[in-house]
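Presented below is the structure to which this report refers.
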Amino acid sequence: MNKLEALKQLEIDITADKSLPLREANLVFGEGNINSPVLFIGEAPGLNEDRLKRPFVGRGGQLLNKAIVSIGWKREDVYITNIVKRRPPNNRDPLPEEIVAYEPYLKRQIEILDPKIIVTLGRFAMNHFIIAAKISRDQGKIFRMGNRPLMPIYHPAAALRSTSVLKEFNKSFKKLARIVKKAELAH
Ligand code: URA
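Per the numbering used here, the sequence shown starts with residue 1, numbered consecutively.
Encoded structure:
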């Protein structure tokens, strides 16, 4: 099975899994270049994402797109998904059991995509991989997940609410671009 087929199968498997929570919402599986060296992982879909079945398409998504373009990339060049693949009601934070329920699927998605670097957006995605990390202290730093680098960055929605967070958010994207370029990960 090639990468695309494996991802398609995974999507079929998630859709068929009746044990998953939040099944009243649409599945937002993820999208982008399946051969991207960079995988962005957010928290969970919101209202717009649920409607369009695409990740990061609201205001936060627009800021994410802008940050991606600001470092000379295009949104279609990267792959974007979330730790929880269906919208929690009223945009509440995902519950620990919801994160746990979707975890095997995220793990498999990462295995299939096999990115060179993972970028988590916001504290939920960050803490999923690095339990003790603190977003204000650790965003923009490089951690390792197995033998893969992982960089937490602020959530774009947080960057929309605060100019100081926005500054750090943009700074981290510049750093990400340097790292990817230096490691000759860019295509
Ligand atoms: N926030 C997220 O974490 N993910 C989305 O897809 C949209 C908003």
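Idealized CB from N, CA, C, for every residue including glycine.
**Report entry** CA nearest to the CA of leucine 166, picked from Pro104, Lys66, Lys53
**Finding:** Lys66
Report task. Return yes when at least one heavy atom of ligand 1 lies under 7 Å from the C-beta of glutamate 98, else no. Result -> no
Query raised in the report: Is the region 40-47 touching the region 71-84, taking contact as three or more C-beta pairs under 8 Å?
Result: yes
Requested in this report: Assign arginine 144 to one of three DSSP states: helix, strand, or coil.
Outcome: strand
Query raised in the report: Measuring CB to CB, does phenylalanine 173 end up less than 8 Å from alanine 159?
Result: no
Requested in this report: Kindly provide the chain-ordered list of residues whose Cβ lies closer than 7 Å to any non-hydrogen atom of ligand 1.
Outcome: Val28, Gly42, Glu43, Ala44, Pro45, Gly46, Glu49, Pro55, Phe56, Gly58, Gly60, Gly61, Asn82, Leu121, Gly122, His155, Ala157
Query raised in the report: Where do the ends of the alpha helix (DSSP H) carrying leucine 7 lie?
Result: 3-16
Query - For valine 119: DSSP bridge partner residues - result: Phe40, Met151
Query raised in the report: What is the rounded straight-line gap between the Cα of serine 19 and the Cα of proline 96?
Result: 15 Å
Report task. Specify the secondary structure class of glutamate 24 as computed by DSSP and reduced to three states. Result -> coil
Query raised in the report: Looking at the structure shown, is glycine 58 part of a helix, part of a strand, or coil, going by DSSP?
Result: coil
Query raised in the report: Is there contact between the region 58-78 and the region 92-112, where contact requires at least three CB pairs shorter than 8 Å?
Result: no
Query - Inter-residue spacing [alpha-carbon to alpha-carbon] between isoleucine 118 and proline 149 - result: 6 Å
Query raised in the report: For glycine 72, which residues does DSSP report across the bridge?
Result: Glycine 72 is not bridged to any residue.
Query raised in the report: From this set, Leu52, Tyr105, Ser162, Arg59, which residue's C-alpha is nearest serine 136's C-alpha?
Result: Ser162
Query raised in the report: leucine 47: buried (16+ other C-beta within 10 angstroms of its C-beta) or exposed?
Result: exposed
Query raised in the report: Since asparagine 170 is in the alpha helix (DSSP H), which residue starts that stretch and which ends it?
Result: 163-182
Query raised in the report: In three-state DSSP terms, what is isoleucine 99?
Result: helix
Query raised in the report: To the nearest angstrom, how far is it from the Cα of isoleucine 68 to the Cα of methionine 126?
Result: 19 Å
Query raised in the report: Under the three-state reduction of DSSP, which class applies to isoleucine 112: helix, strand or coil?
Result: helix
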